[in-house]
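Numbered per this note's numbering, the sequence shown spans residues 143 to 335.
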Amino acid sequence: MSKLICVYCSSSDRLDAKYYAAAEALGRALAARGWGLVYGGGKVGLMGALARTVKAGGGRVVGVIPQFMCDKELAYDEADELVTVITMRERKMLMEARADAFVALPGGWGTLEEIMEILTLRQLDVIRKPCVFLNQDGFYDELFRFFGKMVEERFNKPTNLSLFEVARTVDETVAFLESNRLPVAEPKWFVTT
């Protein structure tokens, strides 16, 4: 069975063309390696561009989408497997369970919420799967500065910053996925004596 890469990304259809180009490049790269995609099941925005490109390249596409989004005709019906769930929480749980690795493309609230849950699960050592941010054109730079502030103020451990990779390009993203590099999380809780 080939790898399934979970990709979190935007469903917005008002983005700069460079973001669609990166999503499509990632889709081609996944399909070229025989890897499949598990994602939020949408046909719009970066989600749709990514899924169509993986599918066009012969890759397997697994979409997981809440019924209320299907009711709004947002589902990518050409997916090899389209799983309909009731809640957003179910959606995330199924994607997490099916995925061999996680990639965050630029996105909004949903993308951020999804990838932050993965980082939390990595920190707690609940899942041991690679996680990569595609920091296209510095999109996530401010977020990473905030992560540094968390460490500085001791809300997070410095070692937790190694639980994910930061790629600047699609090629770097794929290289991280191919490396299977997976640092083990330290125990979460600070111990005071």
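A virtual CB, placed ideally from N, CA and C, is assigned to each residue, including glycine.
On a predicted model such as this, the values are computed, not experimentally measured, just so you know.
{"Asked": "Cβ contact check for the stretch 167 to 180 and the stretch 190 to 201: 3 or more pairs under 8 Å", "Found": "yes"}
{"Asked": "PHE288 in three-state terms, based on DSSP", "Found": "helix"}
{"Asked": "Simplified DSSP state of GLU320, which is helix, strand or coil", "Found": "helix"}
{"Asked": "Which residues DSSP lists as bridging VAL274, in chain order", "Found": "VAL245 and GLU307"}
{"Asked": "Assigned secondary structure, GLU215 (DSSP; H/G/I helix, E/B strand, else coil)", "Found": "coil"}
{"Asked": "Where ILE228 falls, given that 16 or more other Cβ within 10 Å makes a residue buried", "Found": "exposed"}
{"Asked": "Limits of the unbroken beta strand (DSSP E) element including VAL225", "Found": "223 to 227"}
{"Asked": "Own chain residues within Cβ distance below 8 Å of PHE322, not counting five before or after", "Found": "Inspection of the sequence shows that residue 322 is occupied by Asn rather than by Phe. Same-chain partners within the cutoff: PRO272."}
{"Asked": "Closest by C-alpha distance to GLU220, when choosing among THR226, PRO325, VAL203 and ALA246", "Found": "VAL203"}
{"Asked": "Under 8 Å between C-beta atoms of LEU224 and GLY205", "Found": "yes"}
{"Asked": "Proximity below 8 Å, CB of PHE297 to CB of PHE275", "Found": "no"}
{"Asked": "Among GLU328, ALA327, PHE281 and GLY190, the one whose alpha carbon lies nearest that of THR311", "Found": "PHE281"}
{"Asked": "Beta-carbon proximity check, LEU303 vs VAL293, cutoff 8 Å", "Found": "yes"}
{"Asked": "Endpoints, beta strand (DSSP E) assigned at GLY205", "Found": "203 to 208"}
{"Asked": "VAL180 - partner residues in DSSP beta bridges", "Found": "CYS148 and VAL204"}
{"Asked": "Chain-order list of residues whose beta-carbon lies under 7 Å from that of LYS234 (same chain, five-residue window excluded)", "Found": "GLU256 and GLU259"}
{"Asked": "Selected residue, minimal CA-CA separation from PHE210, among LEU192, GLY200 and GLY183", "Found": "GLY183"}
{"Asked": "Per-residue DSSP class, three states only, for ASP267", "Found": "coil"}
{"Asked": "Selection from GLU232, MET237 and GLN278 that minimises the alpha carbon distance to ALA164", "Found": "GLN278"}
{"Asked": "Range covered by the alpha helix (DSSP H) that runs through VAL196", "Found": "187 to 198"}
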